[in-house]
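K.L.:
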Amino acid sequence: MATFEITTRSIKGDLKTDTMILNMGPQHPSTHGVLRLELVVDGEIIVDVIPHLGYLHRCFEKHAEQMTNYQQVIPYVDRMDYVAAMGNELAYVLAVEKLMGIEVPERVQYIRVIMAELQRIASHLLAIGTYGLDLGAFTPFLWCFREREKILDMFEITCGARLLYNYIWIGGLSHDLPSDFGKKLKDFLKTFPKALKEINDLLTYNKIFIDRTANIGVLPADVAINYGCSGPMLRGSGVKFDLRKNEPYLVYDRFEFDIPVGEGKMGTVGDCWDRYYVRVREMEESLKIIEQAWEQLPAGDVHAAIPKKARPPQGEVYFRTENPRGELGFYIISDGHSSSPFRVKARAPSFVNLSVLPEISKGYMIADLVAILGSVDIVLGEVDR
Amino acid sequence: MTANEIYEKIKTKFEDAIIEFKPDAVVEPYLEVKPDKIKEICEFLRDEPDLGFDYLMCLSGVDYANGTLGVVYHLYSMKHGHRFVLKVKVPIENPVVQSVESVWKSANWHEREAYDMFGIIFEGHPDLRRILMPYDWPEGSYPLRKDFQVPEFYNGMKVPY
Numbered sequence: 014m015a016t017f018e019i020t021t022r023s024i025k026g027d028l029k030t031d032t033m034i035l036n037m038g039p040q041h042p043s044t045h046g047v048l049r050l051e052l053v054v055d056g057e058i059i060v061d062v063i064p065h066l067g068y069l070h071r072c073f074e075k076h077a078e079q080m081t082n083y084q085q086v087i088p089y090v091d092r093m094d095y096v097a098a099m100g101n102e103l104a105y106v107l108a109v110e111k112l113m114g115i116e117v118p119e120r121v122q123y124i125r126v127i128m129a130e131l132q133r134i135a136s137h138l139l140a141i142g143t144y145g146l147d148l149g150a151f152t153p154f155l156w157c158f159r160e161r162e163k164i165l166d167m168f169e170i171t172c173g174a175r176l177l178y179n180y181i182w183i184g185g186l187s188h189d190l191p192s193d194f195g196k197k198l199k200d201f202l203k204t205f206p207k208a209l210k211e212i213n214d215l216l217t218y219n220k221i222f223i224d225r226t227a228n229i230g231v232l233p234a235d236v237a238i239n240y241g242c243s244g245p246m247l248r249g250s251g252v253k254f255d256l257r258k259n260e261p262y263l264v265y266d267r268f269e270f271d272i273p274v275g276e277g278k279m280g281t282v283g284d285c286w287d288r289y290y291v292r293v294r295e296m297e298e299s300l301k302i303i304e305q306a307w308e309q310l311p312a313g314d315v316h317a318a319i320p321k322k323a324r325p326p327q328g329e330v331y332f333r334t335e336n337p338r339g340e341l342g343f344y345i346i347s348d349g350h351s352s353s354p355f356r357v358k359a360r361a362p363s364f365v366n367l368s369v370l371p372e373i374s375k376g377y378m379i380a381d382l383v384a385i386l387g388s389v390d391i392v393l394g395e396v397d398r
Numbered sequence: 013m014t015a016n017e018i019y020e021k022i023k024t025k026f027e028d029a030i031i032e033f034k035p036d037a038v039v040e041p042y043l044e045v046k047p048d049k050i051k052e053i054c055e056f057l058r059d060e061p062d063l064g065f066d067y068l069m070c071l072s073g074v075d076y077a078n079g080t081l082g083v084v085y086h087l088y089s090m091k092h093g094h095r096f097v098l099k100v101k102v103p104i105e106n107p108v109v110q111s112v113e114s115v116w117k118s119a120n121w122h123e124r125e126a127y128d129m130f131g132i133i134f135e136g137h138p139d140l141r142r143i144l145m146p147y148d149w150p151e152g153s154y155p156l157r158k159d160f161q162v163p164e165f166y167n168g169m170k171v172p173y
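Sequence lines, in order, name chains V and H.
Quick note: the first sequence, position 129, residue 142 per the working numbering, numbers continuous.
Quick note: the second sequence, position 26, residue 38 per the working numbering, numbers continuous.
Here it is in structure tokens:
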């Protein structure tokens, strides 16, 4: 385990060494996609990190401007954060609906909440599983994927797709829930807490795992806010801020749930273990929300009466939601007469969270960088858009 | 604080930097200011205790398609829970805006993106390089500008469509 004392001393140069440049990526397994990190290292110690992105850049924003209507943008939005596509759709659709001033039926809002929270669990399971994999724990990965599979099955019977859904539409949903959805959901609600406990026993309180993550990559709260971090990244640093509570959208204000924050249980507040553990506890909270939402789910139609072609009035909106990775915001400008957006800017949480990486990885070992990057939990589809 | 109150506070300090305040814009009011005053105003917004804008939610470049480029700042205060929108507009021939990187670090990558996509020059930015486009992308070619033409060749390879 690297500690601050050792690392700072060797940087100051009790032992005079030259720095060296090392390339990590773009085809490196622990960069979770195509990210290139240019490391300036002094032996094993990281002096500086320079991220180079754009390997997956598709210019989503240009695509969005060239669609013939607002609805067509939704499949492109799916492909940003491709492990949490429901959340992306939700953010985009809510932004357009806010611009148009549409109020959707209650049933739609509840189903959207259920889908978004299931997606959050699926996304966090992937984050935790691959994080264990990064640090050499293979079994939790398989166990996480077994649970994630159940959620993907539910999505599949609902809309036919397992990863990129195009399910949440402007003014409604593409389909209502199928009749056997409730049974599957109840099964999942019953078995998941047990599975979560198993994962906790296997990974969260594992001595090796704690040694690799506690006191590593410490992100103080003021730095996190200044760098615009959000989601588990921000909450891991002890800031109690969650858009579902602080700026409630949909029907989130009707449910009871907590906002888990980093407490420094294994080391310092804001270290990798804290960020990891916030994700674990968020899954428990999501489970609570789903249970309540399923109980309260009203009957009704899932297609609100909106014109076939959405044509918002002239104006602009910035709408943000709490995606699994943090604050996903869409800034949409409508010129009022055309049926395609004039400008769409996606404020991707991974993009902003990644910008803090050089700040929190200086002075640690190269092997620790793998732990730090994993705890940021980036999805390159969203970083590069 | 409401947007009107925030506007009044800015007005008392930066009377001559204000171009337009739209309190009745669709969804959210915004304030347009002069591009060479934006940094001072942002510092004021961050440091004034009862404004306390410590969080830059989003910084977006925009091409208004009439020879004007713009930058839009969406600000939020963690302390007070209020938000505000600032805008600057610059001519496309000389798109120079003050950088707010020293005010909020999150502006660093957002400004690089706006430079990359629109060619807006952020004065005082410590590291204004392309971020998403390749480093060998032609100088002066900015994909999100409305007059952008897809190049026929890229590095000697024909672009298929």
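C-beta: ideal position from N, C-alpha, C; glycine also.
Since the structure is predicted, the reported quantities are computational estimates derived from the model, not experimental observations.
Find the nearest neighbour of residue 324 of chain V within the set V:101, V:241 and V:109, judged by alpha-carbon distance.
P.N.:
Selected option, being the one with the closest Cα: V:109.
K.L.:
Helix, strand or coil, according to DSSP, for residue 70 of chain H in the structure here?
P.N.:
Three-state DSSP puts residue 70 of chain H in a strand.
K.L.:
Beta strand (DSSP E) containing residue 43 of chain H: first to last residue?
P.N.:
Per DSSP, residue 43 of chain H belongs to the beta strand (DSSP E) from 42 to 45.
K.L.:
Assuming the contact rule is C-beta atoms closer than 8 Å, residue 94 of chain V and residue 336 of chain V should be a hit. Round their C-beta distance to whole Å, please.
P.N.:
So it is a contact: roughly 7 Å between Cβ atoms.
K.L.:
Just verifying my parser: in three-state terms, what is the DSSP assignment at residue 237 of chain V?
P.N.:
Helix.
K.L.:
Kindly list, in the order they appear in chain H, the residues whose Cβ is closer than 7 Å to that of residue 328 of chain V.
P.N.:
Those are 37, 38 and 39, listed as they occur along chain H.
K.L.:
Scan the segment 356 to 395 of chain V and note each continuous alpha helix (DSSP H) run of 4 residues or more that stays entirely inside, going in chain order.
P.N.:
The qualifying runs are 362 to 367, 370 to 374 and 379 to 389.
K.L.:
For residue 117 of chain V and residue 128 of chain V, I'd like the C-alpha separation in whole angstroms.
P.N.:
Their Cα atoms are separated by approximately 16 Å.
K.L.:
Whole angstroms are fine: how far does the CA of residue 197 of chain V sit from the CA of residue 149 of chain H?
P.N.:
The alpha-carbon atoms of residue 149 of chain H and residue 197 of chain V are separated by roughly 50 Å.
K.L.:
Our contact map puts residue 35 of chain V next to residue 54 of chain V with C-beta atoms below 8 Å; I'd like the distance itself, whole angstroms only.
P.N.:
The Cβ separation is near 5 Å, so the contact holds.
K.L.:
Going by beta carbon distance, what residues of the same chain come within less than 6 Å of residue 341 of chain V, once the five residues before and after it are set aside?
P.N.:
104, 334 and 362.
K.L.:
Let me know the secondary structure DSSP gives residue 231 of chain V once reduced to three states.
P.N.:
Correct three-state label for residue 231 of chain V: coil.
K.L.:
Leaving out five residues on either side along the sequence, give the residues of the same chain with a beta carbon under 8 Å from the beta carbon of residue 394 of chain V.
P.N.:
The residues are 46, 69, 92, 93, 94 and 95.
K.L.:
Taking all protein chains shown into account, do 16 or more other C-beta atoms lie within 10 angstroms of the C-beta of residue 147 of chain H, making it buried, or fewer, making it exposed?
P.N.:
Classification for residue 147 of chain H: exposed.
K.L.:
Touch check for the segment 351 to 361 of chain V and the segment 129 to 142 of chain V: three-plus C-beta pairs under 8 Å?
P.N.:
No contact exists between the segment 351 to 361 of chain V and the segment 129 to 142 of chain V.
K.L.:
My output table needs one value for residue 206 of chain V: the three-state DSSP class, helix, strand or coil.
P.N.:
Of the three classes helix, strand and coil, the one that applies to residue 206 of chain V here is helix, per DSSP.
K.L.:
Return the first residue and the last residue of the beta strand (DSSP E) that residue 128 of chain V is part of.
P.N.:
Residue 128 of chain V -> not in any beta strand (DSSP E); alpha helix (DSSP H) instead, spanning 119 to 147.
K.L.:
Let me see if you follow: with CB-CB separation under 8 Å, is residue 333 of chain V close to chain H or not?
P.N.:
At least one chain H Cβ lies under 8 Å of residue 333 of chain V.
K.L.:
Are the CB atoms of residue 78 of chain V and residue 354 of chain V nearer to each other than 8 Å?
P.N.:
Cβ atoms of residue 78 of chain V and residue 354 of chain V: closer than 8 Å.
K.L.:
For residue 67 of chain V, decide whether its Cβ has a neighbour in chain H, counting only Cβ atoms nearer than 8 Å.
P.N.:
It does: the Cβ of residue 67 of chain V has a partner Cβ on chain H nearer than 8 Å.
K.L.:
With 8 Å as the threshold, decide whether the Cβ of residue 143 of chain H is near any Cβ in chain V.
P.N.:
Closer than 8 Å: yes.
K.L.:
Is the segment 161 to 169 of chain V in contact with the segment 191 to 205 of chain V, if contact means three or more CB pairs nearer than 8 Å?
P.N.:
Yes: at least three Cβ pairs fall under 8 Å.
K.L.:
Within its chain, find whatever has a CB closer than 8 Å to the CB of residue 16 of chain H; leave out the 5 residues flanking it on each side and keep chain order.
P.N.:
If we look at residue 16 of chain H and ignore the five residues flanking it on each side, its Cβ neighbours are 35 and 41.
K.L.:
So with CB distances below 9 Å, who are the chain H contacts of residue 112 of chain V?
P.N.:
Correct list: 38 and 39.
K.L.:
Whose Cβ in chain H lies nearer than 9 Å to the Cβ of residue 133 of chain V?
P.N.:
Ordered by position in chain H, no residue passes the 9 Å Cβ test against residue 133 of chain V, which lies about 21 Å from the chain.
K.L.:
With DSSP as the reference, label residue 327 of chain V as helix, strand or coil.
P.N.:
Three-state result, residue 327 of chain V: coil.
K.L.:
Using 8 Å as the threshold, is the segment 264 to 273 of chain V in touch with the segment 94 to 111 of chain H, meaning 3 or more CB pairs across them?
P.N.:
No, they do not touch.
K.L.:
Please state whether DSSP places residue 18 of chain V in a helix, a strand or coil.
P.N.:
Note that residue 18 of chain V has pLDDT 49, beneath the 50 cutoff, so the model's placement of it is unreliable and the number below is only indicative. Helix, per DSSP.
K.L.:
Taking all protein chains shown into account, decide if residue 81 of chain V is buried (16 or more other Cβ within 10 angstroms of its Cβ) or exposed.
P.N.:
Classification of residue 81 of chain V: exposed, given that the 10 Å Cβ count is below 16.
K.L.:
Could you tell me the alpha carbon to alpha carbon distance between residue 156 of chain V and residue 175 of chain V, rounded to whole angstroms?
P.N.:
Answer to the nearest angstrom: the Cα atoms are 18 Å apart.
K.L.:
Can you confirm whether residue 346 of chain V, when its beta carbon is compared against all beta carbons of chain H, has any partner nearer than 8 Å?
P.N.:
For residue 346 of chain V, the answer is yes, since a Cβ of chain H falls inside 8 Å of its Cβ.
K.L.:
Check whether chain H comes within 8 Å of residue 238 of chain V, counting only Cβ atoms and requiring the distance to be less than that.
P.N.:
True, the Cβ-Cβ gap to chain H drops below 8 Å.
K.L.:
Can you tell me which of V:374, V:192 and V:151 puts its alpha carbon nearest to the alpha carbon of residue 167 of chain V?
P.N.:
Checking every option, the nearest Cα to that of residue 167 of chain V belongs to V:192.
K.L.:
Classify residue 292 of chain V as helix, strand or coil using the three-state DSSP reduction.
P.N.:
If DSSP states are grouped into helix, strand and coil, residue 292 of chain V belongs with the helices.
K.L.:
Which residues of chain H have a Cβ atom closer than 8 Å to the Cβ of residue 414 of chain V, listed in chain order?
P.N.:
Residue numbering for chain V in the displayed model covers 14 to 398; residue 414 of chain V lies beyond these limits and cannot be assessed.
K.L.:
When you compare the CB positions of residue 143 of chain V and residue 387 of chain V, do they come within less than 8 Å of one another, or not?
P.N.:
Their beta carbons are under 8 Å apart, which means residue 143 of chain V touches residue 387 of chain V by this criterion.
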